[in-house]
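Asker: Please find one structure pasted underneath; my questions will follow.
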Amino acid sequence: MNDSSSRLCAWVYQLFRYPRTRFRQYSSTPVPAVEVPKTLPFPRVEAPVTTTQRYPDKNNKSIFNRKYALADMVNGPLAITFLGTASAVPSHTRNHSSLVLKHDAGSWMFDCGEGTQKQMQRGGDGVRMGQVKRIFITHMHGDHVFGIVPLMASVLCGAGGTVGASDPRLDSAADKSARAETGEDEALEIYGPLGLREYIRRALRLTYTNLGGAYRVTELHFPTDQPQPEGRPHLLELPGKNILPHGDGLWRDFCITPNLVVSAGPILHSAPCIGFVVQETNVPGKMNPALYAPHLKRNKEALAAEGIANPMKLLATIQQGTKITLPDGTVLTPPAPRVGRKIAILGDTHDPSPMAVLCDDADLLIHEATNAHLPDIDAATKSTDTFETVQERTICHGHSTPQMAGAFARRIGAKRLCLNHFSSRYKGDESEEAMSIMEGIRALAIKEFGSDDVTCARDFMRIEVKRQEEEIERS
Ligand SMILES: [Zn+2]
Ligand SMILES: [Zn+2]
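Residue numbers (our numbering): 8 to 482.
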């Protein structure tokens, strides 16, 4: 097939694959958003099985093996690396907003300001381009989204085309897109507010960027949003949903993976803005085998007669949450499940209260603190400024002070607070001046939070989110 006919085939394929999107392109009629189905497409992994069974059917081994593998997976580390911690203007010590949540199944990025891929190349604590599987955008302000198209071009092996020869990316676009749609290949999943899909489409098209892999944009729409024509989809864009919030105004469980579930809620800012909550699914409780072993050994012969040669193997079943009744009538109850870790990552805001209920008891809250009033520490403080005038100005721009972040952390019962998105006047290095100002900002948040577990983020800082019992063991 020559170059022009293969392009024609790809175009025809796109035309039939995107009937609704095509309609959208030529019509000014807004396409209604899709509400998250009440019945989720696949079951959420809840607390371990609580049904009573005598003991596992030996022919049912594969189920136990699968569940055991899942438990291993959810026990992995969860770590955040900050790639950019500046508000509107970057400085030589702080880049525009971006952070990466690293877990067993890859890396998820939250916001992608200008220069984010450069930050990844600079180190980013081993955060690699190819590991980015999902990108979540809080809002469409440039300091949170200007970096997404160049990052996509790198993650998806983009290029600007060829001269005098057929571009292999273009020739195989339809195949790659079809493989991603059937799940054979992994697509880059992108989530964010209204306008994100259009922004990416137009930027890719106007810069003649070809991609070597597929992506999909899922938009979280506010009830008042008015979708507009979005332009022609890229050859490697898969159809994405527009999701409306539930009746409580929250986008609950819109992204479900085997070990992490993401919900979102609206937060108040000078543009439509979203906060994300990443919830690890519950995991089986810690087991003390010594409590179970005597009972299993006592029933050894009776169990052997029923085909279970090694009674200690039943420990794995109990560990998974299955209650077992032994031949002598003894009931072995599994340890209580451990609640998964919860991380709340908020975008810019002067009031995140609409999503407070989602953030309850977060193990880690990441909240902006753009401006602070530090007259005794910050030499640049205007003589006319007071705490009140600084707070008023901050709120007027849709942002928060450290005290506001601390108050929200206390309200939701957060275990730990991390402040970020600092004004460019606050350096993010280890100079005496920067450390002193950051310590002042931290103190302001602590005062309202009532806990000293407060950290001020710096570019390339890494925070590991431990389970609560691990924290207790560590201290
Ligand atoms: Zn911002
Ligand atoms: Zn903003």
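Cβ coordinates follow ideal geometry from the N, Cα and C atoms, glycine included.
Model, not experiment: these values are computed from the prediction.
Sorry if obvious, but does the Cβ on S94 come closer than 7 Å to a heavy atom of ligand 1?
Answerer: The answer is yes for S94.
Asker: Identify whether S270 lies in helix, strand or coil by the three-state DSSP scheme.
Answerer: S270: strand per DSSP, three-state reduction.
Asker: According to DSSP, is C16 helix, strand or coil?
Answerer: In this predicted model, C16 has a pLDDT of only 47, less than 50, meaning its place in the structure is not dependable enough to derive any value.
Asker: What residue ranges within the segment 123–154 form continuous beta strand (DSSP E) runs of no fewer than 3 residues, ordered along the chain?
Answerer: Segments of the beta strand (DSSP E) lying fully in the segment 123–154: 139–143.
Asker: Among the candidates A452, V461 and Y433, whose CA atom is the shortest distance from the CA of P97?
Answerer: Considering only alpha carbons, the answer is Y433.
Asker: Collect the residues with a C-beta less than 5 Å away from any heavy atom of ligand 4 and give them in sequence order along the chain.
Answerer: As for ligand 4, it is missing from this structure, which binds only ligand 1 and ligand 2.
Asker: Output the distance between the C-alpha atoms of T216 and L451, rounded to the nearest integer angstrom.
Answerer: Straight-line Cα distance between these residues: approximately 46 Å.
Asker: Just mark Q475 as buried or exposed, buried being the case when its beta carbon has 16 or more other beta carbons within 10 Å.
Answerer: Exposed, since its Cβ has fewer than 16 Cβ neighbours within 10 Å.
Asker: Going by beta carbon distance, what residues of the same chain come within less than 8 Å of L163, once the five residues before and after it are set aside?
Answerer: Within the same chain, L163 has close Cβ partners L195, L218, G219, G220, A221, Y222 and L243.
Asker: Would you mind reading off the limits of the alpha helix (DSSP H) that contains L203?
Answerer: Per DSSP, L203 belongs to the alpha helix (DSSP H) from L203 to L213.
Asker: Would you call the segment 183–200 and the segment 231–246 touching, i.e. three or more CB-CB distances under 8 Å?
Answerer: Taking 8 Å as the limit for Cβ pairs, the verdict is that the segment 231–246 does touch the segment 183–200.
Asker: Measure the beta-carbon distance from G420 to F429 and round it to whole angstroms, keeping in mind my assumption that it falls under 8 Å.
Answerer: With 8 Å as the limit, G420 and F429 do not qualify as a contact, their Cβ atoms being about 25 Å apart.
Asker: Assuming A379 and T408 are in contact, meaning their beta carbons sit under 8 Å apart, how far apart are those beta carbons, in whole angstroms?
Answerer: At roughly 6 Å, the Cβ-Cβ gap stays under 8 Å, so A379 and T408 are in contact.
Asker: What is the DSSP secondary structure of G413, reduced to helix, strand or coil?
Answerer: Three-state DSSP puts G413 in a helix.
Asker: Would you identify the three-state DSSP class for G190, choosing helix, strand or coil?
Answerer: Coil, per DSSP.
Asker: So which of G272, G457 and H151 has the shortest CA-CA distance to I250?
Answerer: Ranking the options by Cα distance to I250, first place goes to G272.
Asker: Using only the alpha-carbon positions, how far apart do R330 and K140 sit?
Answerer: The sequence given here has Lys at residue 330, not Arg. Cα-Cα distance, rounded: 37 Å.
Asker: Using a Cβ-Cβ cutoff of less than 8 Å, which residues in the same chain neighbour V224 once the five nearest sequence positions on both sides are dropped?
Answerer: Once the five neighbours on either side are set aside, the close Cβ partners of V224 are I197, Y198, G199, L203, R204, I207, E244 and G247.
Asker: Does DSSP classify A95 as helix, strand or coil?
Answerer: Here A95 sits in coil by DSSP.
Asker: Give me, in chain order, the residues of the same chain whose beta-carbon lies closer than 6 Å to that of K109; leave out the 5 immediate sequence neighbours on both sides.
Answerer: For K109, where only same-chain residues beyond five positions count, the Cβ hits under 6 Å are A86.
Asker: Could you give the first and the last residue of the continuous beta strand (DSSP E) run that contains S114?
Answerer: G113 to F117 is the span of the beta strand (DSSP E), which, as asked, contains S114.
Asker: Taking only the alpha-carbon atoms, compute the straight-line gap between A369 and V346 and give it to the nearest angstrom.
Answerer: Taking the straight line from one Cα to the other gives about 11 Å.
Asker: What number of angstroms, rounded off, separates the C-alpha of G328 from the C-alpha of H302?
Answerer: Their Cα atoms are separated by approximately 17 Å.
Asker: Count the CB pairs spanning the segment 226–241 and the segment 251–268 that are closer than 8 Å, and state whether there are at least three.
Answerer: These segments touch.
Asker: Looking at the secondary structure, which residues open and close the alpha helix (DSSP H) in which G447 lies?
Answerer: Segment E439 to F456, the alpha helix (DSSP H) holding G447.
Asker: Which same chain residues, not among the five before or five after V397, have their C-beta less than 8 Å away from its C-beta?
Answerer: So the qualifying residues of the chain are N378, A379, H380 and T408.
Asker: Specify the secondary structure class of L322 as computed by DSSP and reduced to three states.
Answerer: It is helical.
Asker: Is the beta carbon of R406 sitting closer than 8 Å to the one on E455?
Answerer: Checking the sequence shown, residue 406 turns out to be His, not Arg. Cβ distance not < 8 Å, so H406 and E455 don't count as in contact.
Asker: Classify G314: buried if its beta carbon has 16 or more other beta carbons within 10 angstroms, exposed otherwise.
Answerer: Exposed, by the Cβ-count rule.
Asker: Could you check if Q126 is buried or exposed, using at least 16 other CB atoms within 10 Å of its CB as the buried criterion?
Answerer: Buried.
Asker: Answer yes or no: the CB of D150 versus the heavy atoms of ligand 1, is any distance below 7 Å?
Answerer: True, at least one ligand heavy atom lies under 7 Å from that Cβ.
Asker: Taking Cβ positions, are H146 and A297 nearer each other than 8 Å?
Answerer: The answer is no: Cβ separation not under 8 Å.
Asker: Classify L6 as helix, strand or coil using the three-state DSSP reduction.
Answerer: A query on residue 6 cannot be resolved here, the shown segment of the chain reaching from 8 to 482 and no further.
Asker: Which of the three DSSP states is assigned to E244 in this structure?
Answerer: Note: E244 maps to strand in three-state DSSP.
Asker: Taking the beta carbon of Q124 as the centre, do at least 16 other beta carbons fall within 10 Å, making it buried, or is it exposed?
Answerer: The residue in question, Q124, is buried, as its Cβ has 16 or more Cβ neighbours within 10 Å.
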